[in-house]
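Undergrad:
Number of protein chains: 2
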Amino acid sequence: MSSHDTSEGEETDTKTERSAETLLSEHEAQLNALIADVQGPDADPVETQLPNLGLGLGRRDFMKAGAAVGVLGSVAGCAGQGDSQGGTATPSSSHGDVPDHFVPPGEHDKYYGFWSGGHSGEVRVMGIPSMRELTRIPVFNRECAKGYGFDDGTGEMLKDAGDYTWGDSHHPSLSETDGKYDGEYLFVNDKANGRVARVNLKYFETDAILDVPNVQSVHGCCIQSPDTEYVFANGEFRAPLPNDGRDVDDPSKYVSLFSAIDPESMDVLWQVKVSGNLDIADSDKDGRWLLSSSYNDEEGVEIEEMTRDDRDSVKAFDVPAIQKAVDAGKYEEVNGVPVVDGTRESSLNKGDNPLVRYIPTPKSPHCVEVTPDGKYGIVAGKLSPTVSIIDIEKLGTEPDPAKTIVGQPKLGLGPLHTTYDDRGHGYTSLFIDSQVVKWDIEKAVESPKGSEEAILGKIDVHYNPGHIQAVQAMSVEPTGDWLVVLNKLSKDRFLPVGPIHPDNDQLIYIGNDKDNETGGMELVSDHPVYPEPHDAIMVHKDKLDPAKIWDAKDYEGEREYISEKNSGIERLDDSTVEVNMSSKRSEFGLREFTVKEGDEVQMTVTNIEKSPDIIHGVAIPEHDINLALAPQDTREVTFAADDPGVYWIYCTYFCSALHLEMRSRMIVEPRD
Amino acid sequence: MSSHDTSEGEETDTKTERSAETLLSEHEAQLNALIADVQGPDADPVETQLPNLGLGLGRRDFMKAGAAVGVLGSVAGCAGQGDSQGGTATPSSSHGDVPDHFVPPGEHDKYYGFWSGGHSGEVRVMGIPSMRELTRIPVFNRECAKGYGFDDGTGEMLKDAGDYTWGDSHHPSLSETDGKYDGEYLFVNDKANGRVARVNLKYFETDAILDVPNVQSVHGCCIQSPDTEYVFANGEFRAPLPNDGRDVDDPSKYVSLFSAIDPESMDVLWQVKVSGNLDIADSDKDGRWLLSSSYNDEEGVEIEEMTRDDRDSVKAFDVPAIQKAVDAGKYEEVNGVPVVDGTRESSLNKGDNPLVRYIPTPKSPHCVEVTPDGKYGIVAGKLSPTVSIIDIEKLGTEPDPAKTIVGQPKLGLGPLHTTYDDRGHGYTSLFIDSQVVKWDIEKAVESPKGSEEAILGKIDVHYNPGHIQAVQAMSVEPTGDWLVVLNKLSKDRFLPVGPIHPDNDQLIYIGNDKDNETGGMELVSDHPVYPEPHDAIMVHKDKLDPAKIWDAKDYEGEREYISEKNSGIERLDDSTVEVNMSSKRSEFGLREFTVKEGDEVQMTVTNIEKSPDIIHGVAIPEHDINLALAPQDTREVTFAADDPGVYWIYCTYFCSALHLEMRSRMIVEPRD
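The listed protein sequences derive, respectively, from chains A and B. First residue of the first sequence? That's 1 in the UniProt record's numbering, and the numbers climb one at a time after it. First residue of the second sequence? That's 1 in the UniProt record's numbering, and the numbers climb one at a time after it.
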């Protein structure tokens with residue numbers, strides 16, 4: 001509350017006061033959101049509701065768990081009184097022993113971050129630690145700046161993958177070799193339409209989308225460690241199999257499916273039918289177990305049924321065993337895909353070598369993340385204040401699935417996701433507490449279940465964190481320096497921009513272990529983000545080697561390279577015309593061309609430049625045509641020239657001082 | 001080249017060396033791009049070309065104009081040797097007397113910035129000085145995160161405006177009252193399809209799009225100062241009128257049109273036919289003159305014709321006189337719009353009160369920006385190293401249009417755009433020099449034409465700047481502190497992200513006037529941006545007052561608010577069903593509903609929450625349905641339920657800990 005070392009002092013006091021006034025009530029509002037709202041927007045206050053929620057803790061526990069401390073902490077932090085005063089570090093671009101997150105003009109970030117864009121359908125590429133958005137990669141969304149979905153190639157890819165115009169991308173996963181990111185591919189799911197896409201990291205472009213058969217909604221998506229032999233996709237929504245109108249009124253016949261995909265051909269290899277709704281997936285580090293969190297073991301269709309029981313179960317898929325069962329023909333074929341029965345009562349799950357192990361964990365767990373050393377799979381409680389630590393080695397040896405859980409620390413309210421540094425610590429997001437908790441993994445294994453002994457510190461975040469990720473934490477090489485928290489709400493953290501607020505990505509430095517309230521975590525910066533980043537994955541810059549211009553060999557046989565010399569127009573038949581054009585600074589290969597009203601125009605354009613960053617666009621007014629051509633790239637587009645007139649084709653990328661004059665003239669002559 | 005005060009030292013030396021090695025050759029490459037490439041990618045080097053380009057200066061002038069100095073300057077700046085050493089300030093987040101551009105967690109930016117998104121079709125909202133993207137506003141692009149174009153209302157708006165799926169937004173213009181931004185509306189053009197859109201700044205949402213009749217491509221777009229009585233749209237591409245197949249082979253009959261639009265009804269009021277291609281528009285401050293830059297007075301159709309003559313002309317439209325001519329019936333009506341003849345030879349342009357004045361300026365001028373005091377319109381030379389200063393008062397008094405030009409300083413190569421501080425300075429982007437030049441406007445008026453005396457300093461930017469804008473410089477209240485430079489190329493400034501590079505927005509502090517190389521300008525930060533921001537406009541945060549939730553009164557009569565109680569399903573006829581649902585945290589108003597195969601479903605959903613930032617989405621898998629509902633908002637969507645089966649409608653905005661369980665079940669029963 002004291003003076004503030006910023007140049008915009010007039011804002012500080014207001015902010016600080018607002019934080020103090022509203023933070024606690026916001027926490028309460030979220031608790032309300034947790035369960036009480038089932039009773040309507042005018043439900044009783046959270047204090048009277050809490051004892052009935054089955055969370056195993058009351059209002060006192062809630063206060064103790066950090067929310068109240070956090071409020072005081074964040075006020076102290078905002079007032080610049082130093083990190084020993086409370087839960088929030090003093091924000092600064094060069095604070096003590098925290099490296100500068102500001103990347104000066106002309107210098108590069110150290111890490112790439114890949115953000116799934118949620119229902120924006122895209123993937124975003126970030127620079128870490130600057131948190132600058134380097135580019136967007138359209139994946140499930142048709143997008144005009146890059147002409148994605150506008151040329152025949154990407155347009156047909158989207159059409160063949162269900163012809164949807166959007167998607168809901170959740171979990172980006174980077175391909176690995178020897179458990180390390182190899183910079184080849186990024187895979188990401190579409191929750192809305194049950195799809196998985198592949199992004200080619202040479203060109204930073206989506207090159208394949210699979211509409212997974214038999215599956216309505218893909219939630220979790222990850223590659224198999226250590227060598228990306230499979231990509232796995234968790235089907236979330238239970239539905240009839242096949243979903244063609246049969247069994248619509250009999251939810252007991254609904255199923256969800258776990259799918260294994262070939263990362264090169266992007267074909268489904270096999271699927272496993274399971275009980276409950278699959279959620280997040282992560283691979284062990286040895287290529288045997290794939291772990292999936294799961295909710296609704298009750299197999300209900302309404303929220304009260306789904307959250308009725310105290311336990312749900314994590315599924316552990318024994319991948320080589322399933323592959324063996326498939327090879328042995330132990331499946332039924334549905335829509336051309338081998339579907340193995342991995343439901344709880346399946347005979348394939350009986351005996352010494354079950355295909356799928358059902359590991360009971362507290363109700364509605366959300367997420368499983370495997371530790372970088374491959375020892376543990378850590379499952380967040382969501383509706384329980386604990387996380388469960390699964391000993392992966394025991395999955396193959398311990399007959400009682402419950403006994404594979406070797407630790408269960410109590411961390412706080414609404415634990416959702418856990419990430420890792422290189423020093424044996426877990427960092428778990430607490431959705432309801434709006435905090436990140438840092439804890440000691442081995443100490444949690446040694447402590448009694450339900451104990452808080454392993455907790456090293458908590459830091460307030462703003463507000464309601466979902467996924468959190470530290471750099472390279474999903475591989476065997478976590479770097480242990482930067483952590484990002486993807487907060488679902490921003491409330492008053494940024495200038496208001498109307499009723500749809502941005503989310504808030506926060507950057508936290510985790511390189512220091514300290515004996516203070518936060519365990520050394522320091523909040524560095526806030527970043528407004530367009531809805532709705534879901535998850536992230538970060539990799540050292542040296543692990544990627546993107547192309548700076550296209551290599552025409554990479555599309556040889558698919559698209560014809562058009563030079564200036566072979567630019568031209570050819571009439572194929574009475575209603576079809578082929579137009580070929582080069583493009584370079586200030587000039588298309590054709591200054592003009594004439595077609596007839598009603599013609600189908602098959603146009604191919606090559607950017608013949610060889611200088612990086614000299615992009616040319618091809619816009620045809622009033623024809624909805626829009627291509628973006630990087631140097632040496634070629635794209636095709638087919639369209640109807642239905643309306644007579646003169647149309648000025650122009651370049652959309654400002655390419656030279658004569659960019660405005662870079663045009664071709666399409667004359668559409670009237671038919672008599 | 002000395003040591004560098006950053007934590008990522010290993011990158012510094014490489015960067016510095018690269019800058020020194022490549023900057024000069026990059027400048028040369030751009031010069032090449034300017035004209036030489038007309039002769040092909042293998043054209044002669046720029047040194048041999050320069051004397052022939054008609055630029056009025058040779059290689060020595062080019063070196064003198066700043067490029068060589070700039071190279072040394074940027075190296076010195078990169079090496080952290082202080083701002084007196086060269087053209088680039090030492091980058092730092094708290095450099096000397098430059099205010100901190102870093103906005104600490106929880107504090108707000110001081111200014112809003114609105115960026116046109118070029119062929120991404122969107123507008124972006126930025127925070128200044130942090131340069132964080134606060135949100136995106138989809139305008140001409142269908143966009144899924146906000147469900148824009150997915151609900152019936154916005155979908156029909158896009159359909160009625162030509163049914164295009166993209167646009168090329170160039171020039172954002174904020175509504176004014178008394179010459180000051182009033183926070184009501186933002187207007188922006190679509191170059192690709194000849195449209196103008198309006199964004200409602202209460203809700204930060206596009207609420208109207210006009211497909212301008214008779215016009216193929218709208219380039220310049222601005223409101224009329226001081227009171228937004230008109231919105232003006234410059235038609236760029238010359239085409240037959242109407243463009244229906246007539247006169248396609250007779251370019252002498254092509255015309256371009258200047259349009260006046262009613263900002264409330266978004267109807268075209270009248271159009272003026274002119275000679276040449278219209279480009280950028282700006283209003284005087286008194287509601288009389290509208291100035292448009294213009295190229296191709298030659299009225300050619302190929303680049304050599306368009307750039308043949310030494311002169312083009314700026315058009316000055318006498319708006320009240322044109323309105324009077326329209327009121328007097330002096331027009332022909334084309335497609336329902338009064339079109340006034342304002343071509344060079346029109347009788348309406350003869351005599352003492354011409355409707356349109358043609359002011360000769362050096363070849364292919366690009367852009368006109370009126371000074372905040374309303375005295376001058378400043379026209380950048382593009383292919384001339386000068387800018388021309390038009391005395392606006394003389395437009396109504398001086399019979400010889402050429403004599404309205406009262407100053408013509410020589411500023412550097414490729415001048416494109418000029419912006420202003422509150423102290424009488426102009427800042428002009430030099431596309432080819434990759435610099436910004438600061439100059440004294442009154443001194444330029446006093447100096448001989450072609451003189452460099454008014455220049456106060458130059459700073460290198462990276463690379464090839466297009467638009468530049470200082471805060472509130474388009475209004476009568478420039479703040480004179482921050483300036484952004486929208487660079488068209490980034491080349492090696494950021495981590496590589498494949499062949500389509502980001503552009504580079506650079507933040508420069510202009511609050512200090514200093515007697516040094518840069519005139520006090522200091523480069524503060526680089527920001528990668530998704531293609532292709534075209535222009536920007538910035539406004540103090542206190543001038544906007546966005547809504548935090550919807551006011552249902554604002555859509556009363558258009559859409560029905562659905563409470564929990566009136567949630568329900570009603571069959572309208574054998575093939576049409578109406579579905580009404582509320583939404584709140586963890587629950588839709590209908591847990592399930594059943595329709596029949598082939599039904600048209602008319603769905604209305606209201607978010608009944610009243611807490612800001614609690615958004616709910618409505619996703620219907622495999623039906624391409626995606627709504628985004630802020631609190632108290634209602635949207636409608638109509639779709640066909642063609643495929644029997646079970647479909648899980650879910651919420652796309654992570655709204656509570658039971659967000660995953662927030663679902664409704666649509667059962668599509670097979671028809672017998």
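Quick reminder that beta carbons are idealized off the backbone N, C-alpha and C, glycines included.
Let me make sure I understand the geometry here. Which of B/436, B/431 and B/432 has the alpha-carbon closest to that of residue 425 of chain B?
TA: B/436
Undergrad: Considering only residues of the same chain and omitting the five flanking positions on each side of residue 118 of chain B, which have a CB-CB separation below 8 Å?
TA: 168, 169, 170, 531, 532, 533 and 534
Undergrad: Give a yes or no on whether 8 Å exceeds the smallest Cβ distance from residue 562 of chain A to chain B.
TA: Interface with chain B (8 Å Cβ-Cβ cutoff): residue 562 of chain A is excluded.
Undergrad: The alpha helix (DSSP H) with residue 444 of chain B in it runs from where to where?
TA: 441–446
Undergrad: Would you identify the three-state DSSP class for residue 620 of chain B, choosing helix, strand or coil?
TA: Looking at residue 620 of chain B - three-state DSSP - the assignment turns out to be strand.
Undergrad: From this set, A/622, A/388 and A/336, which residue's C-alpha is nearest residue 444 of chain A's C-alpha?
TA: A/388
Undergrad: Whose CA, out of A/265, A/246 and A/203, lies closest to the CA of residue 230 of chain A?
TA: A/265
Undergrad: If the cut is a Cβ gap below 7 Å, which residues of chain A does residue 186 of chain B touch?
TA: Going along chain A, no residue has its Cβ under 7 Å from residue 186 of chain B, so there is no contact; the nearest lies around 12 Å.
Undergrad: Could one say the Cβ of residue 616 of chain B lies closer than 8 Å to chain A's Cβ atoms, at least one of them?
TA: Chain A has no Cβ within less than 8 Å of the Cβ of residue 616 of chain B.
Undergrad: Between the alpha carbons of residue 510 of chain A and residue 107 of chain A, how many angstroms are there, rounded?
TA: For residue 510 of chain A and residue 107 of chain A, the distance between alpha carbons rounds to 23 Å.
Undergrad: State buried or exposed for residue 361 of chain A, treating a residue as buried only when at least 16 other CB atoms are found within 10 Å of its CB.
TA: buried
Undergrad: Taking the beta strand (DSSP E) that residue 235 of chain B belongs to, which residues open and close that run?
TA: 231–235
Undergrad: Count the other C-beta atoms from every protein chain shown that fall within 10 angstroms of the C-beta of residue 453 of chain B, then say buried if there are 16 or more, exposed otherwise.
TA: exposed
Undergrad: If the cut is a Cβ gap below 7 Å, which residues of chain A does residue 525 of chain B touch?
TA: 105
Undergrad: How big is the Cα-Cα spacing for residue 427 of chain A and residue 524 of chain A?
TA: 16 Å
Undergrad: What residues from the segment 138–164 of chain B come within 9 Å of chain A, judged by C-beta to C-beta, listed N to C?
TA: 140, 141, 142, 143, 144, 145, 146, 147, 149, 150, 162, 163 and 164
Undergrad: Can you find a C-beta in chain A that's less than 8 Å from the C-beta of residue 540 of chain B?
TA: no
Undergrad: With H, G and I counted as helix, E and B as strand and the rest as coil, what does DSSP make of residue 462 of chain B?
TA: coil
Undergrad: Helix, strand or coil for residue 572 of chain A per DSSP?
TA: Looking at residue 572 of chain A - three-state DSSP - the assignment turns out to be strand.
Undergrad: Which first and last residues belong to the alpha helix (DSSP H) in which residue 323 of chain B is found?
TA: Per DSSP, residue 323 of chain B belongs to the alpha helix (DSSP H) from 319–327.
Undergrad: Within its chain, find whatever has a CB closer than 8 Å to the CB of residue 677 of chain B; leave out the 5 residues flanking it on each side and keep chain order.
TA: As displayed, chain B neither begins before 1 nor continues past 672, which places residue 677 of chain B out of reach and without an answer.
Undergrad: Just by C-beta distance, which residues in the segment 471–490 of chain A are closer than 9 Å to chain B?
TA: Of all residues in the segment 471–490 of chain A, 488, 489 and 490 have a Cβ within less than 9 Å of some Cβ in chain B.
Undergrad: Quick one: residues in its chain with C-beta nearer than 8 Å to the C-beta of residue 84 of chain A, no 5 flanking neighbours on either side, listed in chain order?
TA: Because the pLDDT at residue 84 of chain A is just 28, under 50, the model does not fix this residue reliably, and the point stays unresolved.
Undergrad: Express the C-alpha separation of residue 334 of chain A and residue 241 of chain A in angstroms, rounding to a whole number.
TA: Going by C-alpha positions, residue 241 of chain A is about 8 Å away from residue 334 of chain A.
Undergrad: Between the segment 303–317 of chain B and chain A, which residues of the former have a C-beta closer than 8 Å to a C-beta of the latter?
TA: 303, 306 and 307
Undergrad: Would you kindly work out how many angstroms separate the C-alpha atoms of residue 520 of chain B and residue 202 of chain B, rounded to a whole number?
TA: 37 Å
Undergrad: Tell me the DSSP bridge mates of residue 545 of chain B?
TA: Answer by DSSP bridge pairing: none, since residue 545 of chain B is not bridged.
Undergrad: Which same chain residues end up closer than 6 Å to residue 228 of chain A when comparing Cβ atoms and leaving out the 5 residues on each side of it in sequence?
TA: 175, 176 and 263
Undergrad: Helix, strand or coil: which one does DSSP assign to residue 578 of chain B?
TA: Look at residue 578 of chain B here: in three-state DSSP terms it is strand.
Undergrad: Please list, in chain order, all residues of the same chain as residue 486 of chain A whose beta carbon is under 6 Å from its beta carbon, the five residues on each side excluded.
TA: 466, 467, 505 and 533
Undergrad: Please confirm whether residue 431 of chain B has its beta-carbon closer than 8 Å to some beta-carbon of chain E.
TA: Annotation note: the requested chain E is absent from the structure, which comprises protein chains A and B.
Undergrad: Could you check if residue 226 of chain B belongs to the surroundings of the ligand ZN, using beta carbon to heavy atom distance under 7 Å?
TA: By its list of ligands, the structure shown contains no ligand whatsoever, and the ligand ZN lies outside what it can speak to.
Undergrad: Run through chain B and tell me which residues come within less than 9 Å of residue 652 of chain A, C-beta to C-beta.
TA: Identification of chain B residues near residue 652 of chain A by a Cβ-Cβ cut-off of 9 Å yields 118, 119, 168, 191, 192, 531 and 532, ordered along the chain.
Undergrad: Could you tell me how far apart the beta carbons of residue 218 of chain A and residue 270 of chain A are, in whole angstroms, since I believe they sit closer than 8 Å?
TA: Not really, about 15 Å apart at Cβ, beyond 8 Å.
Undergrad: Could you name the residues of the segment 487–512 of chain A whose beta carbon sits closer than 8 Å to any beta carbon of chain B, in the order they occur along the chain?
TA: 488, 489, 490, 491, 493, 494, 495, 496, 497, 498, 499, 500, 501, 502 and 506
Undergrad: Give the range of the alpha helix (DSSP H) segment to which residue 154 of chain B is assigned.
TA: 152–160
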